[in-house]
Amino acid sequence: MRNWKDVRADALALGAGDPTALVEKRRVLEERIRAFKLTELRKRADMTQVEVAEVMGVKQPWISKIESGDLDHVELETLRSYIAALGGRLKVVADFGDEQHVIAA
1 MRNWKDVRAD ALALGAGDPT ALVEKRRVLE ERIRAFKLTE LRKRADMTQV EVAEVMGVKQ
61 PWISKIESGD LDHVELETLR SYIAALGGRL KVVADFGDEQ HVIAA
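Read in the UniProt record's numbering, the sequence shown has 67 at position 67, and its numbers run on one by one without any break.
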């Protein structure tokens with residue numbers, strides 16, 4: 001039977017206790033969640049990636065990239081165009097905790 005010290009050492013070797021690794025894993029997870037939300041919005045609009053691409057004037061792989069989770073590298077105008085293709089309007093909100101400001105609508 002393994003003791004706690006050995007289990008903990010194995011976990012640390014895998015990066016489980018590394019704060020930097022945890023921050024990166026959280027960032028990746030949050031990206032995937034945001035991308036999943038975009039995919040769900042598209043499906044709720046009853047549109048395929050090809051249809052959204054046609055409305056935006058781009059190729060389908062570009063839509064796939066947007067929906068794959070790499071949203072930190074997507075330009076604001078591209079995201080605005082994606083949302084507009086689904087029939088929505090993108091708002092950019094600056095959140096300061098106790099107050100929020102719409103920066104772009």
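Don't be surprised by glycine CBs; every beta carbon is placed ideally from N, CA and C.
Check, Outcome
"So, are the CB atoms of residue 41 and residue 83 less than 9 Å apart?", "yes"
"At what residues does the alpha helix (DSSP H) containing residue 10 begin and finish?", "4 to 13"
"Going by DSSP, what residues sit across from residue 93 in a beta bridge?", "102"
"CB residue 77 to CB residue 35, shorter than 9 Å?", "no"
"For residue 22, does the count of other Cβ atoms within 10 angstroms reach 16, so buried, or fall short, so exposed?", "exposed"
"Decide if residue 53 is buried, meaning its Cβ has at least 16 other Cβ atoms within 10 Å, or exposed.", "buried"
"For a test of the three-state rule: what should DSSP assign to residue 72, helix, strand or coil?", "helix"
"Given a cut-off of 9 Å, decide if residue 31 and residue 70 are closer than it, judged by their beta-carbon atoms.", "yes"
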